[in-house]
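S.K.:
Rendered as structure tokens:
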């Protein structure tokens, strides 16, 4: 199963703030990069895991209007936002499903894609086995994960700010997304699941936010860290956002922030007949 705890649950207002404030800061640059890679594969059918609010999905449906696409996520609230923001197309189907227990037939897809979701899968080996099962022979699993948090300054600053306000019982969300980037561990799990031709590329890009305040709001109200903060001391949230905004201003400026970040892009191929 995927992890469903205070540190990872995307519910309530979190998906709205996630999509509004974090899309350009964290996810849109990598969605564009992922799309370029998928165009080279020209999938005849496609499954997206952990689609979130549909940031990548919207690019997929525009680029592959004739390709059957299933966009899935374990969180119903994020699927609802994705539906609202994505033009309905006959080739697109939305599903709420667990990546480690896919209710899908064997050998159905040419490509399985996941942008920044694998880190949250509780049972990664089973999720990889499920991806292998639903892929056609010769099909490709392609996914992105964040590199070490030291390469991702905005989120490191957010993590440090949260720790300053809660030195004890510190919310751990900002550690989890940056915890799955060891090449050896990733390759070992994929090979054990049955994949071949595993490749991992380091991808440094730059995100954008119009202001430090927008970035701070997204990081503290558009992630499950918000749930943990509100449970501990919700009255501290405005001061936390102000402190984080000041840190972001000092690092990246007052307006039109360009924020360096780094991820890893993983591809793994299922053996053909």
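Numbering (this note's numbering), first residue to last: 27 to 299. Every residue, glycine too, gets a C-beta built ideally from N, C-alpha and C. Predicted model only: the values in this text are computed from it and were never measured.
Residue 139 and residue 20 - do their beta-carbons sit closer together than 7 Å?
M.R.: Residue 20 is absent from the model: the chain starts at 27 and stops at 299.
S.K.: What first and last residue would you give for the alpha helix (DSSP H) that runs through residue 277?
M.R.: In the chain shown, counting from the first residue as 1, residue 277 sits at position 251. It spans 263–278 - the alpha helix (DSSP H) in which residue 277 sits, taken as one unbroken run.
S.K.: Could you tell me how far apart the beta carbons of residue 81 and residue 97 are, in whole angstroms, since I believe they sit closer than 8 Å?
M.R.: For the purposes of this step, residue 81 is taken as the residue at position 55 of the chain shown. For the purposes of this step, residue 97 is taken as the residue at position 71 of the chain shown. The Cβ separation is near 11 Å, so there is no contact.
S.K.: Look up residue 54 in the DSSP assignment and give the residues it is bridged to.
M.R.: Numbered from its first residue, the chain shown carries residue 54 at position 28. Its beta-bridge partners do not exist; DSSP assigns none.
S.K.: So is residue 190 buried or exposed if we call it buried at 16+ other beta carbons inside 10 Å?
M.R.: Within the chain shown, the letter at position 164 stands for residue 190. So residue 190 ends up on the exposed side.
S.K.: Count the other CB atoms within 10 Å of the CB of residue 238; is the residue buried (16 or more) or exposed (fewer)?
M.R.: Counted from its first residue, the chain shown places residue 238 at position 212. So residue 238 counts as buried.
S.K.: Taking DSSP's pairing of strands, which residues face residue 131 in a bridge?
M.R.: As a first step, residue 131 is located in the chain shown; it is residue number 105 there, counting from the start. Note: residue 131 sits in no beta bridge, so no partner.
S.K.: Does the segment 56–73 come within contact of the segment 253–267, defined as at least 3 CB pairs closer than 8 Å?
M.R.: As far as the Cβ criterion goes, the segment 56–73 does not touch the segment 253–267, which means the pair count is below three.
S.K.: Thinking C-alpha only, which one of 265, 279, 247 is nearest residue 39?
M.R.: Within the chain shown, residue 39 is the residue found at index 13, counting from 1. Ranking the options by Cα distance to residue 39, first place goes to 247.
S.K.: Quick one: what does DSSP say residue 68 is sitting in, helix, strand or coil?
M.R.: On the chain shown, residue 68 is found 42 positions in, with the first residue counted as 1. If DSSP states are grouped into helix, strand and coil, residue 68 belongs with coil.
S.K.: Candidates 267, 186, 55: which alpha carbon is nearest residue 232's?
M.R.: As a first step, residue 232 is located in the chain shown; it is residue number 206 there, counting from the start. If we check each option's Cα against that of residue 232, 55 comes out closest.
S.K.: What are the start and end residues of each continuous alpha helix (DSSP H) run of 4 or more residues lying completely inside the segment 149–177, in chain order?
M.R.: Those alpha helix (DSSP H) runs which fall completely within the segment 149–177 and span 4+ residues are 150–160.
S.K.: May I ask you to verify whether the segment 190–204 touches the segment 262–271, counting CB pairs closer than 8 Å and requiring at least 3?
M.R.: Contact between the segment 190–204 and the segment 262–271 is present, because at least three Cβ pairs lie under 8 Å.
S.K.: Report the three-state DSSP secondary structure of residue 143 (helix, strand or coil).
M.R.: Here the question's residue 143 lines up with position 117 in the chain shown. Here residue 143 sits in coil by DSSP.
S.K.: My assumption, with CB atoms under 8 Å, is that residue 241 sits in contact with residue 291. Please give the rounded CB distance.
M.R.: Sequence index remark: in the chain shown, residue 241 carries index 215 (1-based). Sequence index remark: in the chain shown, residue 291 carries index 265 (1-based). About 24 Å separates the two Cβ atoms, so there is no contact after all.
S.K.: Go to residue 222, then tell me how far its alpha helix (DSSP H) extends in each direction, as first and last residue.
M.R.: As a working mapping, residue 222 is identified with position 196 in the chain shown. Counting along the chain, residue 222 falls outside any alpha helix (DSSP H), though it belongs to the beta strand (DSSP E) covering 222–235.
S.K.: Out of 63, 94, 106, 50, state which residue places its alpha-carbon closest to the alpha-carbon of residue 41.
M.R.: Position 15 of the chain shown, counting from 1, holds the residue named residue 41. Of the candidates 63, 94, 106, 50, the one whose C-alpha sits nearest the C-alpha of residue 41 is 106.
S.K.: Across the segment 147–159 and the segment 123–134, are there enough close Cβ pairs to call them in contact, namely three or more that are closer than 8 Å?
M.R.: At 8 Å Cβ cutoff, the stretches touch.
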